[in-house]
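Number of protein chains: 2
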Amino acid sequence: MKEYERLFTEYLEAKGQRLTQPRRLILEAVFSLHDHFDVEQLYDRLRIHNEEVSRATIYRTLPLLVESGLIQHSLRQADRDFYEHILGHPQHLHWICRKCGTVVETSLEMVLPHINKVASQQRFQIEDYQLNLRGLCWKCADNENENQ
Amino acid sequence: MKEYERLFTEYLEAKGQRLTQPRRLILEAVFSLHDHFDVEQLYDRLRIHNEEVSRATIYRTLPLLVESGLIQHSLRQADRDFYEHILGHPQHLHWICRKCGTVVETSLEMVLPHINKVASQQRFQIEDYQLNLRGLCWKCADNENENQ
DNA sequence: TCCTTTATTGAGAATCAATCTCACTTTATT
DNA sequence: AATAAAGTGAGATTGATTCTCAATAAAGGA
Numbered sequence: 001m002k003e004y005e006r007l008f009t010e011y012l013e014a015k016g017q018r019l020t021q022p023r024r025l026i027l028e029a030v031f032s033l034h035d036h037f038d039v040e041q042l043y044d045r046l047r048i049h050n051e052e053v054s055r056a057t058i059y060r061t062l063p064l065l066v067e068s069g070l071i072q073h074s075l076r077q078a079d080r081d082f083y084e085h086i087l088g089h090p091q092h093l094h095w096i097c098r099k100c101g102t103v104v105e106t107s108l109e110m111v112l113p114h115i116n117k118v119a120s121q122q123r124f125q126i127e128d129y130q131l132n133l134r135g136l137c138w139k140c141a142d143n144e145n146e147n148q
Numbered sequence: 001m002k003e004y005e006r007l008f009t010e011y012l013e014a015k016g017q018r019l020t021q022p023r024r025l026i027l028e029a030v031f032s033l034h035d036h037f038d039v040e041q042l043y044d045r046l047r048i049h050n051e052e053v054s055r056a057t058i059y060r061t062l063p064l065l066v067e068s069g070l071i072q073h074s075l076r077q078a079d080r081d082f083y084e085h086i087l088g089h090p091q092h093l094h095w096i097c098r099k100c101g102t103v104v105e106t107s108l109e110m111v112l113p114h115i116n117k118v119a120s121q122q123r124f125q126i127e128d129y130q131l132n133l134r135g136l137c138w139k140c141a142d143n144e145n146e147n148q
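As given, the protein sequences belong to chains A and B, one line each in that order. Here the numbering used here is used: the first residue of the first sequence is 1, the next is one more, and so on. Here the numbering used here is used: the first residue of the second sequence is 1, the next is one more, and so on.
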């Protein structure tokens, strides 16, 4: 059994809940996507593989995955919530271009110790890291200057 | 004339736009609030002072203030966008409790040099800093443990 | 001051992601 | 198999945000 399956099962059982077929399909899809995803992308992914699950169930399952620590809600773009799985993935900064929508990730290594220190000072239990810098990537910045 | 008024006027004029009465009222209200605010809070604030401006105008003006660099869209909470004015306010981290909704700010001083270095390396023009840590504050964490 | 042009506003309609409802279906247990 | 509890799907609902469009305000010239 894959680790994320074991962890999710444990999380659910601790709450008296079950790892059902739809939840298993969602879990697998989430870990098959190696990038940020939103509900629509997840829904499409499942449909393509003939594993249709209703949107309602996806919307209900994502918070469970967040609470279990397997994924996090890491950014919001174009009026949608985006998630990513975090099991074994180091935290990172997101650089989001407001024009072309590209999301670049960079390491958080240099910054994490400071954040963790502040967290423990105020006894804050971090669940999601939403460390996003929004602005213009160099390509779009160059284009803006050209068109002036 | 206050500096933010001068800056906003300059920004608007450069785009062939005008500092109208509703925009001036919104600008003043934004700088009278010394905390994060959303559209509803701004709207209420204006009404209380008998300076009613339509929600539509508020929604249209906020992006102008963001683009002019006077405010930033710094967090999203309870399905609402929150802004804060940044003129003269150093950037900071937000610690958001998912349970009680409290938002604590801490200094970014230790982290900003790293972020700026990465930004210049990839020639990314930062417009908004959305550096948010979500989780449980110590009070809510204690409560959760009690109720188990 | 009046006129013309262009930007702006307000009110309400429209949009759309996310949530909720509820009858039906699974799952686990006896 | 029977029962009880958890879970699901379809569609309705919600609510923040955006859009539309007729009416209004601002700026500059005559």
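Backbone N, C-alpha and C fix where the C-beta goes; we use that ideal spot for every residue, glycine too.
Could you tell me which residues DSSP puts in a beta bridge with residue 123 of chain A?
Position 123 of the first sequence, counting from 1, holds the residue named residue 123 of chain A. According to DSSP, which records beta bridges pairwise, residue 123 of chain A is partnered with nothing at all.
Examine chain A for any beta-carbon lying closer than 9 Å to the beta-carbon of residue 143 of chain B, and answer yes or no.
Along the second sequence, read from residue 1 onward, the residue named residue 143 of chain B stands at position 143. Judged by the 9 Å Cβ criterion, residue 143 of chain B is not in contact with chain A.
Can you give me the C-alpha to C-alpha distance between residue 92 of chain A and residue 133 of chain B, rounded to a whole angstrom?
Here the question's residue 92 of chain A lines up with position 92 in the first sequence. Here the question's residue 133 of chain B lines up with position 133 in the second sequence. One C-alpha to the other measures close to 12 Å.
What's the call for residue 6 of chain B, buried or exposed, on a 16-neighbour Cβ count within 10 Å?
As a first step, residue 6 of chain B must be located in the second sequence, where it is residue number 6. Exposed, by the Cβ-count rule.
Helix, strand or coil for residue 130 of chain B per DSSP?
Taking the first residue of the second sequence as 1, we reach residue 130 of chain B at position 130. In this structure, residue 130 of chain B counts as strand in the three-state DSSP scheme.
Going by Cα to Cα distance, which pick from B:68, B:108 and B:44 is closest to residue 4 of chain B?
Translated into the one-based positions of the second sequence, residue 4 of chain B becomes position 4. Of B:68, B:108 and B:44, the residue nearest in Cα terms is B:68.
Kindly say whether residue 59 of chain A, judged by its beta-carbon, lies nearer than 9 Å to any beta-carbon of chain B.
Residue 59 of chain A sits at position 59 when you count from the first residue of the first sequence. Not closer than 9 Å to any Cβ of chain B, the Cβ of residue 59 of chain A fails to qualify, so no.
Please report how far the alpha carbon of residue 90 of chain B lies from the alpha carbon of residue 17 of chain B, in whole angstroms.
Counting from 1 along the second sequence, the entry for residue 90 of chain B is found at position 90. Counting from 1 along the second sequence, the entry for residue 17 of chain B is found at position 17. Those two C-alpha atoms are separated by around 29 Å.
Chain A beta carbons: is any one of them nearer than 9 Å to that of residue 80 of chain B?
The residue labelled residue 80 of chain B in the question sits at position 80 within the second sequence. No, no contact with chain A.
Is there at least one Cβ from chain A nearer than 9 Å to residue 119 of chain B's Cβ?
Numbered from 1 along the second sequence, position 119 holds the residue referred to as residue 119 of chain B. Judged by the 9 Å Cβ criterion, residue 119 of chain B is in contact with chain A.
When Cβ atoms are compared, which residues of the segment 104-131 of chain B fall closer than 8 Å to chain A?
104, 106, 110, 111, 114, 115, 118, 119, 122, 123, 124, 125, 126, 127, 128, 129, 130 and 131
Run the CB neighbour count on residue 96 of chain A, radius 10 Å, all protein chains shown included, and call it buried at 16 or more, exposed below.
The residue labelled residue 96 of chain A in the question sits at position 96 within the first sequence. Result: buried.
How many angstroms separate the CA atom of residue 94 of chain B from the CA atom of residue 105 of chain B?
Your numbering for residue 94 of chain B matches position 94 in the second sequence. Your numbering for residue 105 of chain B matches position 105 in the second sequence. Distance between the alpha carbons of residue 94 of chain B and residue 105 of chain B is about 5 Å.
Three-way DSSP call (helix, strand, coil) for residue 53 of chain A in this model:
One-based indexing of the first sequence puts residue 53 of chain A at position 53. Reduced to three states, the DSSP call for residue 53 of chain A is coil.
Check this for me: beta carbons of residue 62 of chain A and residue 125 of chain B, under 9 Å apart or not?
On the first sequence, position 62 is the one that residue 62 of chain A refers to. On the second sequence, position 125 is the one that residue 125 of chain B refers to. It is not a contact, given that the beta carbons lie outside the stated cut-off.
Can you round the beta-carbon distance between residue 84 of chain A and residue 98 of chain B to whole angstroms, since I take them to be within the 8 Å contact cut?
Position 84 of the first sequence, counted from the first residue, corresponds to residue 84 of chain A. Position 98 of the second sequence, counted from the first residue, corresponds to residue 98 of chain B. About 18 Å separates the two Cβ atoms, so there is no contact after all.
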